[in-house]
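Chains A and B are the protein sequences, given in the same order. Numbering-wise, the first sequence is residues 1 to 533 according to my numbering. Numbering-wise, the second sequence is residues 534 to 1044 according to my numbering. Positions of the beta carbon are idealized from the N, C-alpha and C atoms, including for glycine. Structure record follows, encoded as structure tokens.
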Amino acid sequence: MRKSFSIARTAMLIVLAFALAYASVSPCPAAAESAPPAAAGQVLLLYDSLALSTVRQGNVETIERLLAAYGARVVAMAFDRYTAGTLKSYSRVVVVRNAPDLSANDTLASELAAYDGDYLQIGGQTLPDRVRARLGLKLTPAPPDMIRIEAGDYGQALSTVADLDFIAGTSADAKRYGTLTSMSDGRRMPYAAAAGGYAYASCLSAGGLTELALAYVLKDWLHAAGDFGAYVLIKEVYPFSDLALLKTLADKLYDAGVPFVISVKPVFYNTSYPAMQRYLQAMQYVQSRNGSIIVDAPAVAATSTAADGSLRGKMSGFIELLADNGIAPLGMGAGLSWAYDQIYASEGMSFFDSVFLGPDPQGQQVQPGGTSAAFAFSPYVMPFAQLQDFERRSIAPHTPLPLNLAFSFDLFRDAASMEDAVDAIARSWIPFSDLKNGAHAVRTDRLTVQSSDGSLLIDGKPLDIDKKGREVDADYAYTAAPKTSFTKLFGVQNRILMVIIGLSLAVFGLFFFIGYRRYRRKFLYRGGSHDAF
Amino acid sequence: MNQPESANTGAIAAYLKRIFTAATRYASPSLLAAAAVLAISAAALFVKPYIGMADNGDYFRVLYSNGIYFNAPDYASQYFGYFIKHYGIFQYFNENGATLSSSQSLFIRTALQLNIWLLNARTFDIRIQAAIYLILYTVAVYMLVEALTWGAPAKRGYTIASIAVFLFGDTAYTAYFNSFYSEALMLVMSLFVLASGLLIYRRRFNDYAMLAVFVVSSLLLVTSKQQNAPLGILIALFGICVLLARTDRPYRLSAAGGLALLCVVSIASYVLIPQEFVNINKYHAMTRGVLPDSSNPEKSLEGMGINGQYSLLSGTIYYEPYTTIDVNSNQMLTEFYGKFGFGKVLAYYATHPGQAGRMLNLAAKDAFTTRPEAMGNYEKSAGLAFGAQTHFFSVYSTLKKTLTPKTFGFIFLWLIIVVGLYLPSFVTAVRTKNRRQAVRLPLLLMMILLGLAGIAISIVGAGDADLAKHEFMFTIAFDLVTFTTVSDALLGRLWRNVPLRPGAAPAATAV
């Protein structure tokens, strides 16, 4: 038993080694992986509802993040906020239909009917005639049943999706994507179809395989070219985290040959404290173990306002602090809401051309903007646990990824969960990419941090990642000694005064004693006769 | 000076004397003081440009649960900067539960109902609430001045009345009425507590009525803010002197019942403090109290069982716009807030007296600031700068802030002087077994201790964060006690017993 396990493990490691070797020698992958995707331009995203409290909840945010992964600037708008003539300004429009009972108003319906740009619709039976005709789309309501979806190398069973429509037929030249299989009757239908700038996908739910399935559609619809990579992203790394565990994780991943990215929380105050030195040392160690560093977005207080104006200085200060300590941040990690906030985008994200956008449904904004910020490199962040929910159709993935994908973990709370995760990463057979193999740049007013072909550069000078950082000062002075002057003089003066006061007290005591004696003597009866009375 | 000029001066003096005589005939010093405070405050609060207080982020806690919401589209951008007078009234089921229990809600709800009846069912005008507070405040000022000037010579009585107007008409105080801060209620109720206590001491009005005012205002004061919860114990303790002012059973039973109720409410109020509120205060107790002045913050944290890495939070505030960690995160709940309580902070200061002394001195720096600098007083429409503050009728608060020595030593000296000045009359009252006369010093000592407790609670409970606002109790106590002392000094009543109204109430001289 043990022998068979060890053989399987050895075989797995050999395949993994081959996969990694392939990844590292494949022609110019780095440049391709992180090259700016084809200019997707601006996309208008229209939705009938956010589908709150349904299985589709979160799918609008998902499509926003998917579009962001292709470098598209997105303007998201609910049907009822649509103003006449808006469509004319866009060459691409995505329509998300979550509720069949909510229809577009007359203005929007007529403008959609006349719209001649690229069009993608997710769900729903009502489509512009031209789109329906070009796709030769025949839709049929899906039975209220379990559905199995297959896309790329993965499959997943979906629980009953209300108001789902199958694609029963398409035109001959329409490209089909993925499959949806009805579990009751075994009917297999394409998940999506596309032809000539028009596309239709059956559904999209956050947190499922439909995310990946739709990405294949979007890749073609947006004409995104190039090879895409998969990344391991470790999030929730705080200066208060178990930094020893972080170092152990770096060792484990290094030993497993898995390059990884850690998203570190920025620190804006007390950056000279020993605690900060330990945090920086941990980052330096991670960097030396083939880890890449990105800066996570700071937490935002509910009372933050646009007038605060401190974000730019804080973020650039932290980037420069890292660079001064031999750490090269290559990008930023943030929730999607950051890309839609004018202040965050201009003051917090403008330093970076690479941003990992994750979900944040409760994101706090200070100045919401209409259009999202776009970035040259913006991997789609998916929790690794989500990938583990997918069924693999083969041992090792062979279908190229449709987009840059970052599989995320929150920094582990204990060694056991870390071991499990590293093991799961190794068993995923995914050839993970090294962020620093791509071209990324972070620019502040004072310096530029870059990566290229596996090298890290600060202001054009190569960074020695094995260089040891500053030792933690065990005698750090937290409180500044108060400023003093003429200390010696006042010290002498104090002593003189103390002697004078001491002498005075002694003399006073003496006089007091003498006076008391004399006072007592005045009334003291010394014996003798009382005759005088 | 030539003759016609001299004649003119004489005429003016005679004219002024006539006015004074007429005034004394129709308005007592207390009535005049109350009327003047009412007029000045009304001019500040209800005449353009309206004076109020900007929201520092605290309003939502008390507003939403009371059926009011922020309806200004740019509300968030006006935090700290501008006073806002209009709010929306929920037109549907209010799903917001109470985030804190405060007696302030009584006044907000009353104002809300009046607003709906008299003005508008959709928009709440905060000036309705200001009007309620102002009416109560006017009564409180009347009672306080009456307690001090009753039976006093007219000239000195009016001098004291004008001092009262100078102190209590100051807009640094009254601007709170146009706000949702509980300081407005604290101000009004503190005046009622002292005034009713002094009126019992002077047997000016019906003792039962005054006892009721004393107990009710103490209850409202104690429950106005979580920070004030421990103050109920102090009031109940010193209130025993008020209880002893009379010997008849019904009075003593009423007083004992009231004081016992105060104790219970005080404890309940402390127990019911919401966790979020506790966490905010814990955060500040550590990051703005223990850590910044510690010679080794990591050791200080580790001494309380907290990861030393949290020393990086030293000096930061809970409302920091951009921070390393979400202050409401689970990680903070388990690794930071969950590791210590206020007892540990108190024990820390007890074992680090040097640091405690420095904190007290730091607290003293803000103890004489009535108007917090962080919040603006004007509406945005007034066209003034973000955070602009009013100077209208603010001489006293400005002088106090500028001229008072800002050390804890001065506060200690003030305490010694006040107690020293009143001690002889207290000793005499005790020696002569005149219990009613013995009420005055404990009453003033109670006010002083309420103020000092305010400082101690601020430091232990929230470090130096927002000290000017947290030390409001001391600010009021200082002004009330100083005003009483100055008044008694002017009337020559410091050392000797004050004349009481001969009444039918049982003499409190019997043992």
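- Cutoff 7 angstroms; reference A/E391; Cβ partners in own chain excluding five residues on either side: Non-local beta-carbon contacts of A/E391 in its own chain, meaning distances under 7 angstroms to residues more than five positions away in sequence, involve Y154, G155 and Q156 in chain order.
- What separation, rounded to the nearest whole angstrom, lies between the Cα atoms of A/D145 and A/S202? Rounded to whole angstroms, A/D145 to A/S202 spans 15 angstroms at the Cα level.
- Beta bridge counterpart(s) of B/H619 as assigned by DSSP: DSSP, once it has assigned bridges, lists B/D658 as partnering B/H619.
- Task: Show which residues of chain B have a CB atom less than 8 angstroms away from the CB atom of A/R278.
- Result: Q842, listed in chain order.
- Message: What does the alpha-carbon distance come out to for the pair B/T849 and A/S89?
- Response: When rounded, the distance between both Cα atoms is 46 angstroms.
- Message: If I measure Cβ to Cβ from B/T1008 and keep anything under 6 angstroms in the same chain, skipping five residues before and after, which residues do I get?
- Response: Correct list, in chain order: T903.
- Task: Report all residues from its chain with a CB closer than 8 angstroms to the CB of A/P29; omit the five preceding and five following residues, and keep chain order.
- Result: Since pLDDT at A/P29 reaches only 31, below the 50 mark, its modelled position is unreliable, and no value is offered.
- Please classify A/R188: is it buried, with 16 or more other beta-carbons within 10 angstroms of its beta-carbon, or exposed? Burial call: exposed.
- Message: Per DSSP, what are the beta-bridge partners of A/D255 in this structure?
- Response: Looking at the DSSP assignment, A/D255 forms no beta bridge with any residue, so it has no partner.
- Looking only at its own chain, which residues have a Cβ that is under 7 angstroms from the Cβ of A/P27, when we skip the five neighbours before and after it? Any reading at A/P27 must be qualified, since the residue scores a pLDDT of 31, below 50, and its modelled position is unreliable; the value itself is stated next. Non-local beta-carbon contacts of A/P27 in its own chain, meaning distances under 7 angstroms to residues more than five positions away in sequence, are absent.
- Item | N- and C-terminal bounds of the beta strand (DSSP E) containing A/E150 | Start and end: I147 to A151.
- Query: Quick one: Cα of A/G197 to Cα of A/D118, how far?
  - Reply: Spanning the alpha carbons of A/G197 and A/D118 requires a straight line of approximately 5 angstroms.
- Task: List the residues that DSSP assigns as beta-bridge partners of A/V93.
- Result: Partner(s): A/L44 and A/Y119.
- Excluding the five sequence neighbours on either side, which residues of its own chain have a C-beta within less than 6 angstroms of the C-beta of B/R821, listed in chain order? So the list reads G996, D997 and A998, once near-sequence residues are dropped.
- Consider the Cβ of A/A38: report whether some Cβ of chain B lies at a distance smaller than 9 angstroms. Any reading at A/A38 must be qualified, since the residue scores a pLDDT of 39, below 50, and its modelled position is unreliable; no value is offered.
- Message: Here's the rule: buried if 16 or more other CB atoms are within 10 angstroms of the residue's CB, otherwise exposed. What is A/R520?
- Response: It is exposed - the Cβ of A/R520 has fewer than 16 other Cβ atoms within 10 Å.
- Is there at least one Cβ from chain B nearer than 9 angstroms to A/F79's Cβ? For A/F79, the closest Cβ of chain B is not nearer than 9 angstroms.
- Item | Where B/Y670 sits in the DSSP three-state scheme | The answer is helix: DSSP assigns B/Y670 an H, G or I state.
- Run the CB neighbour count on B/Q624, radius 10 Å, all protein chains shown included, and call it buried at 16 or more, exposed below. Around the beta-carbon of B/Q624, fewer than 16 other beta-carbon atoms lie within 10 Å, marking it exposed.
- If we ignore side chains and look at the alpha-carbon of each, how far apart do A/Q450 and A/A151 end up? A straight line joining the alpha-carbon of A/Q450 with that of A/A151 spans about 35 angstroms.
- For B/V811 and chain A, any beta-carbon pair shorter than 9 angstroms? Taking Cβ atoms only, chain A never reaches closer than 9 angstroms to B/V811, which makes this a no.
- Message: Contact criterion: CB-CB distance below 9 angstroms. Does B/E868 meet it with respect to chain A?
- Response: Judged by the 9 angstroms Cβ criterion, B/E868 is in contact with chain A.
- Validate contact between the stretch 899-913 of chain B and the stretch 681-696 of chain B using beta carbons, cut 8 angstroms, 3 pairs: In this structure the stretch 899-913 of chain B does not touch the stretch 681-696 of chain B; the number of beta carbon pairs closer than 8 angstroms is below three.
- Alpha carbon to alpha carbon, how far is A/S258 from A/P143? In the sequence on display, residue 258 of chain A carries Val and not Ser. Cα to Cα, A/V258 sits roughly 43 angstroms from A/P143.
- Item | CA-to-CA distance, A/L45 to A/V94, given in whole angstroms | Approximately 5 angstroms between the Cα atoms of the pair.
- Item | Rounded straight-line distance, which links the Cα of A/L137 to that of A/R65 | Distance between A/R65 and A/L137, taken at the CA atoms: about 27 angstroms.
- Message: When you measure from the CB of B/L731 to every non-hydrogen atom of the ligand GDP, does any distance come out below 8 angstroms?
- Response: In the structure on display, the ligand GDP does not appear, and there are no ligands present to speak of.
- Member of A/L164, A/Y238 and A/T248 whose CA lies at the smallest distance from the CA of B/V864: With the sequence shown as reference, residue 864 of chain B is identified as Gln, and Val is not the correct amino acid for it. Nearest C-alpha to B/Q864: A/Y238.
- Query: Excluding five sequence neighbours on each side, which residues of the same chain lie with their C-beta closer than 6 angstroms to the C-beta of A/A99?
  - Reply: The answer, listed in chain order, is D48 and S49.
- Message: Residues of the stretch 252-271 of chain A in Cβ contact with chain B at a cutoff of 9 angstroms, in chain order, please.
- Response: Under the 9 angstroms Cβ criterion, the stretch 252-271 of chain A contributes K265, P266, V267, F268, Y269, N270 and T271.
- Task: Express the C-alpha separation of B/F875 and B/I696 in angstroms, rounding to a whole number.
- Result: A direct Cα-Cα distance of roughly 40 angstroms separates B/I696 from B/F875.
- Query: Under 9 angstroms between the Cβ atoms of A/Y344 and A/V366?
  - Reply: Taking 9 angstroms as the Cβ cut-off, A/Y344 and A/V366 qualify as a contacting pair.
- Task: Pair every Cβ in the stretch 353-368 of chain A with every Cβ in the stretch 54-62 of chain A, then say whether three or more of these pairs are closer than 8 angstroms.
- Result: Pairwise C-beta distances place the stretch 353-368 of chain A in contact with the stretch 54-62 of chain A, as three or more of them are shorter than 8 angstroms.
- Item | CB of B/I988 within 9 angstroms of CB of B/P763, strictly | In this structure, B/I988 lies away from B/P763, with their beta-carbon atoms at least 9 angstroms apart.
- Verify whether the separation of the beta carbon atoms of A/M382 and A/A421 is less than 9 angstroms. Contact: no.
- Item | Within 9 angstroms, strictly: CB atoms of A/L204 and A/V131 | Going by C-beta atoms, A/L204 is not nearer than 9 angstroms to A/V131.
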